Amino acid sequence: MYVAVKGGEAAIANAHSLLADRRRGDRSVPALRLDQIVEQLALGVDRVMSEGSLYDRELAALAIVQSRGDLIEAIFLVRAYRTTLPRFGYSKPIDTGTMLVERRVSATYKDLPGGQLLGPTFDYTHRLLDPELAAGADVAEPLQRETEAQAMPRVSAILAREGLIEPDGEMPQDHVPGDITREPLEFPMARDIRLQALSRGDEGFLLALGYSTQRGYARNHPFVGEIRIGEV
């Protein structure tokens, strides 16, 4: 937000009108519907919900439309809206070990116990534009295997059993998890506060942080233990 100048109310109102006009674009083109954004721009919706700390797909889609597709602005819109909402409950920790895994890859094992699951990934698309998408071609139903009834073993647990990774530190029994949406950050941060900050962090910053961790220490080269996506 740029506030370092003096301006009149009429100038600000005209700026808003111009923004609305640019956002609408050519009137002969149908306006975007929120359900289209939710279903076909799902990754953008997920990012806005995650960094905005508010789980509501329609509101995230509305923010994307209002911001003209600027996801950073959409995230700020959702964060601002979240501050107006009453708090009526707290979520409980979820055991992700029982996750129904859709994507599970590891650079530590070639033959990963439980198998490698590629899931819906861009990794092997070669970054080539697909002109069929512009033509609105039909999409065939993908082949899917039966869901595994048993939980997938964690790679970190496998490495821990082999003595190749340090175990997580134990938190005091009387530790109360913090909430960075209600309290200012204080250093040094506990693990729960660090995880909250990372989960709400900017996607580009987290990507740079990950690459600097993997490739930033001379000859040391850490490997990705496990990336998993699924439903809990």
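Number 783 in the numbering used here belongs to position 171 of the sequence shown; there are no gaps in the numbering.
Note that beta-carbon positions come from the ideal geometry of N, C-alpha and C, so glycine has one too.
If you're wondering where the values come from, they're calculated on a predicted model, not measured in any experiment.
Per DSSP, the beta-bridge partners of residue 729 are 716. Annotation for residue 755: no residue places its beta carbon closer than 8 Å to its own, counting only its chain and skipping 5 residues before and after. Cα atoms of residue 727 and residue 844: separation of roughly 19 Å, rounded to the nearest angstrom. Apart from sequence neighbours up to five positions away, the residues of its chain that approach residue 812 with a beta-carbon distance below 6 Å are 663 and 665, ordered along the chain. Annotated three-state conformation of residue 839 is strand, per DSSP. The C-beta separation of residue 650 from residue 669 comes to about 5 Å, placing the pair in contact by the 8 Å criterion. Exclusion of the five residues before and after residue 768 leaves 777, 837 and 838 as the residues of its chain whose Cβ lies within less than 8 Å of its Cβ. Residue 802 places its beta carbon less than 8 Å from that of residue 790. Cβ-Cβ separation between residue 701 and residue 766: approximately 29 Å, too far for a contact (criterion under 8 Å).
Counted as a single uninterrupted DSSP element, the alpha helix (DSSP H) harbouring residue 626 occupies residues 621-636. The residues 709 and 710, in chain order, have a CB closer than 6 Å to that of residue 763 in the same chain once the five nearest residues on each side in sequence are set aside. In the DSSP assignment, residue 811 falls within the unbroken alpha helix (DSSP H) covering 803-811.
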